[in-house]
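Residue numbers (the working numbering), protein chains in the order written: chain C, 639 to 913; chain W, 3 to 220; chain F, 23 to 269. Heads up, the beta-carbon is just placed ideally off N, CA and C, and yes, glycines get one too. One structure is given here, and the rest of the page talks about it.
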Amino acid sequence: MERLLNIDRRIVYLAIFLGVCLPYLFSFVELPVTITADVRRIYDKIDSLEEGATVMVSFDYGPSSKPELQPMALAILRHCFSKNVKVVGVTLVTEGVGLANSAMETAAAEFDREYGRDYSFLGFKAGGAILVLNLGQDLQGTFKADLKGTSTSEMEVTRNIHSLKDFDYVIDLAAGFPGIEEWIAYGQERYRFTFGAGCTAVMAPDFYPFLQSGQLNGLIGGLAGAAEYETLIGRKAKAMGGMQAQSVAHLIIIAFILLGNAVYFLTRSPRKTSP
Amino acid sequence: MPFFQRTLPLIVAFLAGIIGIFTYYIPVAHTVEVETSTWYRIIAAFAMFLGIHSLLHMHWYRIRRQQAGWGYSLITYAGFTVAIILAIYNNGQGFLSPMATGTGLDLNWMYVNIHVAGGATMFSLLAFFIASAAYRTFRARSTEAVILLLAAIFVMLGRVPIGAYLSDFVPEFAQWLMDVPNLAARRGILLGVSLGAIATALRIIFGIERSYLGEEGN
Amino acid sequence: MSRDGIFFVGFLVAFAAVNAFLLSTGALAASWIGFGTILAAGLTLALYSFLYKDNPVFKAAEHLYVGVVAAYELSLVWYQNILVDVFNPLFRPPEGAGPKWLVLVPAFLGLFLMTRIFGRWIWLSRISFAFFVGLGAGLAIPRRIASFVLQQIEPSIRPLSIDIASLGWGVLNPPIILLGVVSVLVYFYFSVEHTGVVGGISKVGIYFLMVSFGASFGYTVMARISLLIGRVNFLLEDWLNLSPPIF
Numbered sequence: 639m640e641r642l643l644n645i646d647r648r649i650v651y652l653a654i655f656l657g658v659c660l661p662y663l664f665s666f667v668e669l670p671v672t673i674t675a676d677v678r679r680i681y682d683k684i685d686s687l688e689e690g691a692t693v694m695v696s697f698d699y700g701p702s703s704k705p706e707l708q709p710m711a712l713a714i715l716r717h718c719f720s721k722n723v724k725v726v727g728v729t730l731v732t733e734g735v736g737l738a739n740s741a742m743e744t745a746a747a748e749f750d751r752e753y754g755r756d757y758s759f760l761g762f763k764a765g766g767a768i769l770v771l772n773l774g775q776d777l778q779g780t781f782k783a784d785l786k787g788t789s790t791s792e793m794e795v796t797r798n799i800h801s802l803k804d805f806d807y808v809i810d811l812a813a814g815f816p817g818i819e820e821w822i823a824y825g826q827e828r829y830r831f832t833f834g835a836g837c838t839a840v841m842a843p844d845f846y847p848f849l850q851s852g853q854l855n856g857l858i859g860g861l862a863g864a865a866e867y868e869t870l871i872g873r874k875a876k877a878m879g880g881m882q883a884q885s886v887a888h889l890i891i892i893a894f895i896l897l898g899n900a901v902y903f904l905t906r907s908p909r910k911t912s913p
Numbered sequence: 003m004p005f006f007q008r009t010l011p012l013i014v015a016f017l018a019g020i021i022g023i024f025t026y027y028i029p030v031a032h033t034v035e036v037e038t039s040t041w042y043r044i045i046a047a048f049a050m051f052l053g054i055h056s057l058l059h060m061h062w063y064r065i066r067r068q069q070a071g072w073g074y075s076l077i078t079y080a081g082f083t084v085a086i087i088l089a090i091y092n093n094g095q096g097f098l099s100p101m102a103t104g105t106g107l108d109l110n111w112m113y114v115n116i117h118v119a120g121g122a123t124m125f126s127l128l129a130f131f132i133a134s135a136a137y138r139t140f141r142a143r144s145t146e147a148v149i150l151l152l153a154a155i156f157v158m159l160g161r162v163p164i165g166a167y168l169s170d171f172v173p174e175f176a177q178w179l180m181d182v183p184n185l186a187a188r189r190g191i192l193l194g195v196s197l198g199a200i201a202t203a204l205r206i207i208f209g210i211e212r213s214y215l216g217e218e219g220n
Numbered sequence: 023m024s025r026d027g028i029f030f031v032g033f034l035v036a037f038a039a040v041n042a043f044l045l046s047t048g049a050l051a052a053s054w055i056g057f058g059t060i061l062a063a064g065l066t067l068a069l070y071s072f073l074y075k076d077n078p079v080f081k082a083a084e085h086l087y088v089g090v091v092a093a094y095e096l097s098l099v100w101y102q103n104i105l106v107d108v109f110n111p112l113f114r115p116p117e118g119a120g121p122k123w124l125v126l127v128p129a130f131l132g133l134f135l136m137t138r139i140f141g142r143w144i145w146l147s148r149i150s151f152a153f154f155v156g157l158g159a160g161l162a163i164p165r166r167i168a169s170f171v172l173q174q175i176e177p178s179i180r181p182l183s184i185d186i187a188s189l190g191w192g193v194l195n196p197p198i199i200l201l202g203v204v205s206v207l208v209y210f211y212f213s214v215e216h217t218g219v220v221g222g223i224s225k226v227g228i229y230f231l232m233v234s235f236g237a238s239f240g241y242t243v244m245a246r247i248s249l250l251i252g253r254v255n256f257l258l259e260d261w262l263n264l265s266p267p268i269f
């Protein structure tokens, strides 16, 4: 029994790997995705925007968070483009540039949206939270040109945008620092735009105080949140596809935790229980 | 010399801090706020050069001294060199034009196939480690640990479809855990951390906290 | 040859055979895109080899990754920051406008940072750090007070004025939140000994923290598994070109 407590860790690794692979190999019963109010509020906000409204999306994540945040980004972009809402992208982190550009071009191509008229990607600048401050003060002065070198004062999508408060909605997809807290403190607090966020599941518990205070109008947390958004827009993609694997893996980890506790309590000697 | 090495930086920090605070409250100082924050961003960009230099210097030192693992440092330099050459070439546009992307071998190709693949894989290793750690160390030895364990299990089940499949109560209870007790604890932590951060910022501005200046002897 | 050596050679042969098959059947394009996918898959599997044990293949992949990341960051700093905000305004100003000389101030402050590389002039970097850290601290103070203190206190004490006509179990939530916030703050106040009433409130705070940490753990597990799902998805769909479910 005690040997169970010290099994080779590679057996645990194999169990997790098989748990994630199994749903890709065999078909599972379709599990329902429960839509939470926090995700629905972001969906409802974008759905309520009129044609021609402009949304800013900040892609503050890199490759290490791509599996969670890229599906979220694609779902939001697809929703915006399907409603003919214009999108301006930016990123506070260097690693986000390639992923953001890829997400915008992929989603735009699906809806035949034109660069410069319907969407634009400004790119990256150093400074983190101070970049948010500068975007609020003078967007066109901060980014005189976008990533491709097109002038922001001439481009149709950014011609009339001078500050963050000119956007109809701002969404930050963040994986750490700088991220949502910086957008709230340096942007939303002064310029009072409606602000939604998506984040990795690790960070999601931290932002519930901002949901209750109204500083965040909604929150998409992790791959599960992305799956909820895909369900809402009626377009099942990678997030939905990952939910079966997520469920199986969670059950395996819970089983390991319960097994570990059961073996521990069954094998410990009575002397060790005294305080 | 002590004036330039110690006193002048403290004066600069004080004046910069006062500018940062008062431009928030004085609308007419808006242009000062814009200009100083732009300077901040430009200095931050130069600071990134410093970080990259530090990394390259460490690997160069290892190669020069032929320390253990210096062959791997050669691989680091090889990857860096190829990527920098592609960055300077910039798909034929040169380094004085905006970044250009193509469909062949370029910096974006290296980003997608090395940076993204490597970064995503490195962090995905954590899935295995967290499972192994949970099995070996997560023990319900006390009341607090039991509460932690139960909360973890309900959240793990409630946030994925299997929870709703088992019972409607599971996702509802998981959501309540996030919306009420978790919110309360996080707000308490946020208030405490924010007050501490404000105190530290004031200490920096008034010159009490000087660790950012480095060693006194320099 | 050792057992590990046999594993390594066997793995290389299998990897090469799979890729040759994928290229020959057209599942992977014989272009830079296809070769890129092969490189990404190889890098992924090399990094996963660490799960078996630390080995030279893992170390080589890790160091290659580090080198490319450094180069990518450097290039973005140049193209998106130095070129656009310093070089162009000084040396290539727009037509009709002169050089923006004010940019020389942050440019020199930034160059002062580089003196950390040279021992003799290192004191110049302190001026840059002082400006950078001081301004950052000054900008943060009023914003943190407004966003993270004042705007967080107000919703916590809102329960004292709730409309009690809206009865239901939900009416208990605001007082629970208030209790939780206060008890957690009491727990973190170490200037008073945690005995008696203070100890009791502090204990309640610990229970709230445990729920929060448990939720954090659950979400962390979810996040880590999601990352693994992403890589498995890449290997099965993007590299091996399989359409799940396979059976």
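Can you tell me whether residue i is buried or exposed, with buried defined as 16 or more other CB within 10 angstroms of its CB?
i, result
"GLN884 (chain C)", "buried"
"GLU827 (chain C)", "buried"
"GLU84 (chain F)", "buried"
"VAL723 (chain C)", "buried"
"SER265 (chain F)", "exposed"
"PRO128 (chain F)", "buried"
"PRO163 (chain W)", "buried"
"ILE858 (chain C)", "buried"
"LEU656 (chain C)", "exposed"
"GLY879 (chain C)", "buried"
Out of curiosity, what's the CA-to-CA distance linking residue i and residue j?
i, j, result
"ILE54 (chain W)", "TRP62 (chain W)", "12 Å"
"ASP784 (chain C)", "PRO661 (chain C)", "42 Å"
"SER912 (chain C)", "SER234 (chain F)", "Residue confidence is low: SER912 (chain C) scores 46 on pLDDT, short of 50, so the model does not pin down where it sits. No coordinate-derived value is stated."
"ASN103 (chain F)", "GLY779 (chain C)", "13 Å"
"SER134 (chain W)", "LEU193 (chain W)", "34 Å"
"GLU706 (chain C)", "GLY121 (chain W)", "13 Å"
"THR732 (chain C)", "SER144 (chain W)", "44 Å"
"ALA36 (chain F)", "GLY94 (chain W)", "38 Å"
"LEU861 (chain C)", "CYS837 (chain C)", "9 Å"
"PHE72 (chain F)", "ILE251 (chain F)", "18 Å"
Confirm the yes/no value for this check: CB of residue i, any heavy atom of the ligand NAD, distance under 6 Å.
i, result
"PHE140 (chain W)", "Absence of the ligand NAD is noted for the structure shown, with no ligands found whatsoever."
Counting only beta-carbon atoms, is residue i nearer than 7 Å to chain F?
i, result
"ALA813 (chain C)", "no"
"GLU211 (chain W)", "no"
"TYR829 (chain C)", "no"
"VAL824 (chain C)", "The identity of residue 824 (chain C) in the sequence shown is Tyr, whereas the question assumes Val. Output row for TYR824 (chain C): interface = yes."
"PHE664 (chain C)", "yes"
"VAL30 (chain W)", "no"
"THR123 (chain W)", "yes"
"THR38 (chain W)", "yes"
"GLY727 (chain C)", "no"
"GLU174 (chain W)", "no"
Where does the unbroken alpha helix (DSSP H) through residue i begin, and where does it stop?
i, result
"TYR846 (chain C)", "846-851"
"SER75 (chain W)", "72-91"
"ASP934 (chain C)", "Only positions 639 to 913 of chain C appear in the structure, and residue 934 (chain C) is not among them; the question remains open."
"ILE858 (chain C)", "Element bounds for ILE858 (chain C): not the alpha helix (DSSP H) but the beta strand (DSSP E), 856-859."
"VAL840 (chain C)", "From DSSP, VAL840 (chain C) is part of no alpha helix (DSSP H); its letter is neither H nor E."
Mind listing the chain B neighbours of residue i? Cutoff is C-beta to C-beta under 7 Å, in chain order.
i, result
"ALA887 (chain C)", "Absent from the structure: chain B. Protein chains present are C, W and F."
Against chain W, with Cβ distances strictly below 7 Å, would residue i count as a contact?
i, result
"SER24 (chain F)", "no"
"LEU86 (chain F)", "yes"
"GLY774 (chain C)", "no"
"ASP844 (chain C)", "yes"
Verify the CB distance criterion: does residue i have a CB-CB separation below 7 Å to chain C?
i, result
"VAL14 (chain W)", "no"
"SER53 (chain F)", "no"
Which two residues bound the contiguous beta strand (DSSP E) that contains residue i?
i, result
"THR732 (chain C)", "Neither: THR732 (chain C) is in no beta strand (DSSP E) and is coded neither H nor E."
"TYR757 (chain C)", "757-762"
"VAL214 (chain F)", "That residue, VAL214 (chain F), is in no beta strand (DSSP E); it is neither H nor E in DSSP."
"THR788 (chain C)", "Taken as a continuous stretch (DSSP letters only), THR788 (chain C) belongs to no beta strand (DSSP E), as it is neither H nor E."
Three-pair Cβ contact test at 8 Å for the segment 177-184 of chain W versus the segment 833-849 of chain C: yes
Stretch-stretch touch, CB-based, cutoff 8 Å, three pairs: the segment 5-24 of chain W with the segment 141-153 of chain F: yes
Stretch-stretch touch, CB-based, cutoff 8 Å, three pairs: the segment 211-219 of chain F with the segment 138-154 of chain W: No: the two stretches stay apart, fewer than three of their Cβ pairs being nearer than 8 Å.
Validate contact between the segment 106-113 of chain F and the segment 734-754 of chain C using beta carbons, cut 8 Å, 3 pairs: no
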